[in-house]
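This report refers to the structure that appears directly beneath it.
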Amino acid sequence: MPKSGDHATSNQWIDQYHPNTSRELSINPQKLTQVRKSLEGMLSGTTQTRLLILTGPAGSSKSTTVKVLADELVPKYRNASGTYGLSIAQDENCWIEYLDNNSVMGTHQSDQFEEFLNDSKYKVGNNLGVLVIEDLPNIFHEQTLLNFRNAIRQWLHTEDTRLPPLVLCLTEIEYNGGEAKQYSYNVENSLSADTLLGKALLGHPCVENIKFNAIANKFIRKTISEVIRKEREVFRMIPQGTLNSFLDDIVKIGDIRSALFNLQMWKQELLDPSKMLGLSYQRENQVNLFHAIGKVIYSSSEFEKLGDEESDYYSIEKVLSTFNSNNFSLLNLSILENYHIYKDSNYSLQVASNIVNDLSIGDTMSTFEAARDIGIRSTRNHLRKAQPLTPTGGSKSYTQKQKIKFPRQFKMIRQYNKTYKQVRSYQRYIDQRSSFDDLNLIDGYYLPIIYNKKYKKRYTYNRLGGRFLEVYADESLPVVEEGEGEENVVSTSYDLDQFQVDIMKKASGENDADEDYEDGELSDPIDESDEELDSDDGFLSDPELDVLISQGRV
Amino acid sequence: MSLWVDRYRPKSLSQLTYHDSITQNLAALSKSGDFPHLLVYGPSGAGKKTRIYSTLNEIFGAQVEKLKIDVKTFTTSSNRKLEFNVLSSNHHLEITPSDMGNNDRVVIQDLLKDVASTEQVDFQNSQKKHRFKIVIINEADSLSRDAQAALRRTMEKYSTNIRLVLVCNTISNIIAPIKSRTLLVRIPSPSVHDISQVLLKVSKKEGLKYSTNNEDEIVRFLDNVAQHANRNLRRALLSFETLAMQQETIQTGNNLDILNLDWEIIIKNMSRQIKTNRNVATLAKVRVIFYELLAHCIPARTILKTLLFELLGLFDDTSIIEGLVELASVFDERLSLGLKSIFHLEGFVAKAMVVMEHGS
Chain A
1 MPKSGDHATS NQWIDQYHPN TSRELSINPQ KLTQVRKSLE GMLSGTTQTR
51 LLILTGPAGS SKSTTVKVLA DELVPKYRNA SGTYGLSIAQ DENCWIEYLD
101 NNSVMGTHQS DQFEEFLNDS KYKVGNNLGV LVIEDLPNIF HEQTLLNFRN
151 AIRQWLHTED TRLPPLVLCL TEIEYNGGEA KQYSYNVENS LSADTLLGKA
201 LLGHPCVENI KFNAIANKFI RKTISEVIRK EREVFRMIPQ GTLNSFLDDI
251 VKIGDIRSAL FNLQMWKQEL LDPSKMLGLS YQRENQVNLF HAIGKVIYSS
301 SEFEKLGDEE SDYYSIEKVL STFNSNNFSL LNLSILENYH IYKDSNYSLQ
351 VASNIVNDLS IGDTMSTFEA ARDIGIRSTR NHLRKAQPLT PTGGSKSYTQ
401 KQKIKFPRQF KMIRQYNKTY KQVRSYQRYI DQRSSFDDLN LIDGYYLPII
451 YNKKYKKRYT YNRLGGRFLE VYADESLPVV EEGEGEENVV STSYDLDQFQ
501 VDIMKKASGE NDADEDYEDG ELSDPIDESD EELDSDDGFL SDPELDVLIS
551 QGRV
Chain B
1 MSLWVDRYRP KSLSQLTYHD SITQNLAALS KSGDFPHLLV YGPSGAGKKT
51 RIYSTLNEIF GAQVEKLKID VKTFTTSSNR KLEFNVLSSN HHLEITPSDM
101 GNNDRVVIQD LLKDVASTEQ VDFQNSQKKH RFKIVIINEA DSLSRDAQAA
151 LRRTMEKYST NIRLVLVCNT ISNIIAPIKS RTLLVRIPSP SVHDISQVLL
201 KVSKKEGLKY STNNEDEIVR FLDNVAQHAN RNLRRALLSF ETLAMQQETI
251 QTGNNLDILN LDWEIIIKNM SRQIKTNRNV ATLAKVRVIF YELLAHCIPA
301 RTILKTLLFE LLGLFDDTSI IEGLVELASV FDERLSLGLK SIFHLEGFVA
351 KAMVVMEHGS
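Protein chains in written order, with full-length UniProt numbering: chain A, 1 to 554; chain B, 1 to 360.
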């Protein structure tokens with residue numbers, strides 16, 4: 001297991017100048033104190049926190065902070081709690097990292113994480129250590145993801161009062177999940193604490209989440225000047241101005257790792273006079289969805305100095321080049337969801353109709369790569385020309401009252417699938433002869449009115465396929481929670497109604513019922529269900545029903 | 001489930017009440033003992049399925065009403081399990097291709113081959129020599145192109161053992177080779193009078209009481225119900241039963257607001273909003289409603305059509321009406337070409353607002 005000392009063997013600066021004490025960390029001191037406090041609380045057992053999650057962009061010193069702090073803090077607590085054999089314990093690592101290992105035989109891959117946690121439980125007392133999870137199991141496999149969440153949940157609910165601190169370092173990223181996954185937006189497209197753990201786990205009282213930002217210029221600069229001081233022989237010959245302008249460039253992103261790599265590469269170029277000066281190897285700062293929408297709708301302030309048209313051109317170019325091009329259909333949807341927030345919708349219909357029209361055209365040609373940006377370009381172009389209809393005081397009165405929202409398409413599709421499933425199962429079990437649309441459009445409305453008057457059943461009949469629900473957009477990314485996507489006819493988000501009882505009844509009686517439609521009245525099992533329902537214990541003990549009843553949904 | 005729609009569904013050709021000439025043709029067809037593949041089309045609630053089953057009844061006897069449902073599984077080439085339902089009697093089976101998604105070609109071919117390879121042996125009716133089985137394909141207009149193309153060969157190959165009956169609303173999505181290999185039977189919507197006669201019959205059998213004894217007034221009331229149902233018999237019967245459930249005696253003077261379908265009301269309110277508040281903020285509000293409708297599996301095309309007709313009712317100016325109809329047809333096409341209907345629905349509304357503002 002690598003310890004901080006091993007870094008010396010590498011001649012990469014990133015390893016050579018790896019911080020050994022918390023003072024050397026390139027991080028906002030306030031953040032450091034926050035993490036230190038949480039970690040101390042966990043080590044001493046004075047707080048109930050059992051899982052600390054550190055989230056933030058790449059290169060913001062998340063893992064380094066934990067490891068350095070663990071090295072500093074853990075020995076203190078070992079001594080404090082240990083009553084004997086101090087020297088043996090001292091050799092143990094102060095932190096243990098989870099490594100996902102594909103080649104381990106005998107253990108199912110998705111169980112590895114759980115096993116790691118189980119094995120690590122003894123890391124208390126004299127063996128005290130901090131468990132660091134940086135490497136994740138293959139969470140893109142749904143079952144593995146669920147197992148992962150389960151293992152964490154078990155950890156949080158373990159009876160043992162003393163557990164080693166568990167720290168999860170998560171680099172939040174967005175990427176493209178491939179065309180096939182476009183129906184939903186979850187861990188496939190965006191890795192964040194929400195999508196990884198789900199909202200329920202994240203809100204657990206034993207979980208603490210500390211968010212890291214990209215490292216501020218001030219702190220990166222401090223670290224880098226320290227490196228430059230140590231390597232001063234090399235940097236002596238470089239004019240201060242050149243150095244400063246290069247540093248300005250590399251600290252901008254707030255990624256200490258990338259900055260150090262760049263600095264070292266740059267140095268090597270300088271030593272070799274044949275190379276061009278100032279070539280930058282900076283990583284492109286990927287724009288996330290919300291930034292991209294903002295840039296399209298409000299244009300980017302980055303190019304403000306240029307003329308309107310040029311500024312727009314560069315803003316859009318920037319979005320197109322940095323936003324993941326496979327996700328353009330999502331971007332188009334998001335623009336449709338948000339174009340109206342510009343100037344608080346106070347602009348002419350003509351502009352709006354042109355935008356939507358172009359988005360619509362773009363959608364009809366989505367198979368052509370070249371056509372993907374029609375809507376995006378058109379939106380910026382038309383919004384530039386948008387003039388407020390009614391002058392409202394000063395020009396600064398548009399204070400972005402409406403927030404950028406995530407498109408509802410996926411929410412709608414989820415709702416659609418639920419409705420579809422319910423109407424289909426009604427068709428399958430109750431009324432095979434009618435078409436889906438007839439049932440949904442016509443019968444779905446009339447039947448509940450008729451039946452509720454006609455029969456006194458245990459539950460009332462609701463609209464077939466569920467009530468009409470308005471679908472609103474969210475400001476944050478939607479998260480797939482456990483239980484969704486399960487192949488149950490009855491989904492917990494429905495109010496249980498008599499239709500579903502009828503369907504379940506029919507479905508369970510399918511095998512022995514010899515349906516006779518010729519004389520529908522007498523032989524139809526549904527009609528007899530009034531009395532049966534109350535007496536039939538076997539049916540009522542249906543676990544799903546019990547869950548519903550216990551949740552007070554019935 | 002003894003809804004009136006089911007209870008009073010005609011079981012044989014002689015019970016059918018309207019479209020007499022079609023009924024006679026079907027009767028002639030069933031007497032001959034043999035018939036070609038059929039393509040039965042017409043608006044929903046016109047009585048297509050009822051006529052098909054009546055014809056089958058004529059040919060095979062009451063056995064065709066003894067339906068059982070089988071769940072068949074089919075493993076696709078990508079090893080995915082696909083489940084779909086087959087409704088069948090001894091003499092026919094009925095499938096709905098939209099159950100099968102993109103695999104409809106393979107599934108249908110497979111199924112038909114299966115049916116065709118087992119020859120009908122019918123001892124009871126052997127004198128009539130019905131050596132074929134009927135396969136009813138519902139919603140045939142939702143069959144994919146390649147499924148239709150595959151079907152035309154299958155139709156010829158197994159024509160000794162299988163008769164296909166394709167059922168759909170419009171034949172514009174059916175490829176020409178299939179149209180040419182089938183006998184086209186169009187079942188138009190019944191007239192308002194046809195429907196009110198059916199309703200009158202039902203009300204007599206049910207012994208319904210009206211608030212008036214004046215026969216003319218009752219017929220006028222039933223006409224009204226039929227009108228409200230857009231000449232869709234299924235809908236008319238359901239709404240009639242709904243009305244009858246409300247009160248012991250049916251008030252002929254009552255307004256029929258309860259018969260308006262929930263989603264139609266939503267679209268109606270939306271159309272008013274579009275007319276009165278023509279601005280960008282309304283577009284955002286309308287989007288909420290579109291998503292609401294789409295989430296409830298209301299087909300985008302139905303939404304567009306209903307919205308157009310609601311809007312047309314709000315304007316007298318012919319230039320605006322022309323403009324709206326033209327826009328609707330443009331965006332209707334885009335619904336077919338595109339992937340996400342929300343773009344096109346909102347596009348229609350945005351453009352429509354501009355037309356209302358300036359005329360076309």
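Even for Gly, the Cβ is constructed at its ideal location relative to N, Cα and C.
Out of Ala62/B, Ser203/B, Thr160/B and Arg278/B, the CA that lies nearest to the CA of Lys133/B is found in Thr160/B. Annotation: Gly444/A is outside any beta strand (DSSP E); the continuous alpha helix (DSSP H) that includes it extends over Gly444 to Lys454. The alpha-carbon of Val130/A is positioned some 35 Å away from that of Leu289/A. The stretch 22–42 of chain A makes contact with the stretch 56–71 of chain A: 3 or more CB pairs, one atom from each, lie closer than 8 Å. Counting only the Cα atoms, Glu309/A lies some 14 Å from Ile297/A.
Scanning its chain for C-beta atoms nearer than 6 Å, with the 5 sequence neighbours on each side dropped, one finds around Leu308/B the residues Ala328, in chain order.
Distance check between Leu469/A and each of Ala281/B, Leu324/B and Val288/B places Val288/B closest, using alpha-carbon atoms only. Among the CB atoms of chain A, none fall inside 7 Å of the CB of Cys168/B.
Residue burial annotation: Ile335/A is buried, with at least 16 other C-beta atoms found within 10 angstroms of its C-beta. Beta-bridge partners of Lys411/A (DSSP): none assigned. Runs of the alpha helix (DSSP H) lying entirely within the UniProt domain "AAA+ ATPase" (34–189) of chain B, each at least 4 residues long, are 48–60, 104–117, 145–157 and 176–181 in chain order. In the three-state reduction of the DSSP assignment, Val349/B falls in the helix class, which pools H, G and I. Within 10 angstroms of the beta-carbon of Glu208/A lie 16 or more other beta-carbons, which makes it buried. In this structure the stretch 333–347 of chain B does not touch the stretch 252–271 of chain B; the number of beta carbon pairs closer than 8 Å is below three. Against chain A, a Cβ distance below 8 Å from Lys49/B picks out Arg433. DSSP places Val66/A within a helical segment (H, G or I) once states are collapsed to three. His296/B has a beta carbon lying within less than 7 Å of a beta carbon in chain A. By the neighbour-count criterion, in which a residue is buried when 16 or more other Cβ atoms sit within 10 angstroms of its Cβ, Ala370/A is exposed.
In chain order, Thr73 and Thr75 place their CB closer than 7 Å to the CB of Lys81/B, counting only its own chain and leaving out the 5 sequence neighbours on each side. Here the alpha carbon of Asp160/A sits roughly 11 Å from the alpha carbon of Gln154/A. In this structure, Arg234/B sits near Gly45/B, with a CB-CB distance shorter than 7 Å. Excluding the 5 residues flanking it on each side, Leu51/A has same chain C-beta neighbours closer than 6 Å at Leu166 and Val207, in chain order. Going by DSSP, Glu114/A is part of the alpha helix (DSSP H) stretching over Gln112 to Ser120. The stretch 272–281 of chain B makes no contact with the stretch 316–326 of chain B; the number of CB pairs closer than 8 Å stays below 3. Just so you know, the alpha carbons of Arg153/B and Asn224/B end up roughly 47 Å apart. Contacts between Pro299/B and chain A, judged by CB atoms closer than 8 Å, involve Asp437 in chain order. For the options Ile215/A, Gln264/A, Val227/A and Phe261/A, the alpha carbon positioned closest to that of Gly254/A is the one of Ile215/A. Arg424/A counts as buried, since at least 16 other C-beta atoms from the protein chains shown sit within 10 angstroms of its C-beta. Beta-bridge partners assigned by DSSP to Pro75/A: none are found. Under the three-state reduction of DSSP output, Tyr98/A falls in the strand class. Only residues of its own chain outside the window of five on either side were considered, and among them Ser271 and Leu324 have a CB closer than 6 Å to the CB of Leu311/B, listed in chain order. Leaving aside the five residues that flank Val355/B on each side, the residues in its chain whose CB is nearer than 7 Å to its CB run, in chain order, Ile320, Gly323, Leu324 and Leu327. Measuring C-alpha to C-alpha distances from Asp344/A to each of Ile404/A, Tyr313/A, Leu359/A and Val501/A identifies Ile404/A as the nearest. For Glu292/B, the closest alpha carbon among the candidates Leu260/A, Ile250/A, Ile413/A and Ser245/A is that of Ile413/A. Cα atoms of Met353/B and Val356/A: separation of roughly 12 Å, rounded to the nearest angstrom. If you draw a straight line from the Cα of Leu39/A to the Cα of Glu134/A, it is about 17 Å long.
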